[in-house]
Amino acid sequence: MKAKQPTGGGCSSCTSFTRKEEPWERADGSLVLLVECAKVTANRPQMIDEICRLYNLACEEIRSNRHFDAHQQLHETFAKQMILFAEAIGKKPFKNLLVGSFDILLYAANSPVLLTKGEFYQLFKLFKTF
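For the numbering used here, add 22 to where a residue sits in the sequence shown, where the first one is 1.
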């Protein structure tokens, strides 16, 4: 960590130190960006195919990276963003992707972190009406 100049700001604006971002933070942001890209490209089938390919890659990475301390937060974000992604790309394309997400969702459902487990149950409730 290194000290930085005070900039003023609220609680979320740490003015004392900067630090390098953690890999899970980058992955977390990538999921949010993927959902935003899906919302923008909803009317273009060729772009939806590419977004779905990136979604599959993200699922592979999430499945294979459970070795860092904060991976539970990544699973929480995945559960939060999944329904938004489904709404953006549509029901039929999303159903094709759902199979690759089951193990991530089951891992979140069995999480010792209550927030992660809670997000899974929220997602499950939303899937019933989707």
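Note that the Cβ used here is the ideal one computed from N, Cα and C, for glycine as well.
Pair within 7 Å by beta-carbon distance, residue 62 and residue 107 | No. Outside cutoff.
Hey, would you say residue 60 sits closer than 7 Å to residue 110, going by beta carbons?
-> Yes.
Extent of the continuous alpha helix (DSSP H) run through residue 65 | Unbroken run through residue 65: none, as it is neither H nor E.
Hey, would you say residue 134 sits closer than 7 Å to residue 74, going by beta carbons?
-> No, the Cβ-Cβ distance between residue 134 and residue 74 is not below 7 Å.
Burial state of residue 123 (16 or more Cβ within 10 Å) = With 16 or more other Cβ atoms inside 10 Å of its own Cβ, residue 123 counts as buried.
Given that a residue counts as buried once 16 or more other Cβ atoms are within 10 Å of its Cβ, and exposed if not, what is residue 141?
-> Label assigned to residue 141: buried.
Could you check the C-alpha separation between residue 136 and residue 69 for me, to the nearest Å?
-> C-alpha separation (whole angstroms): 36 Å.
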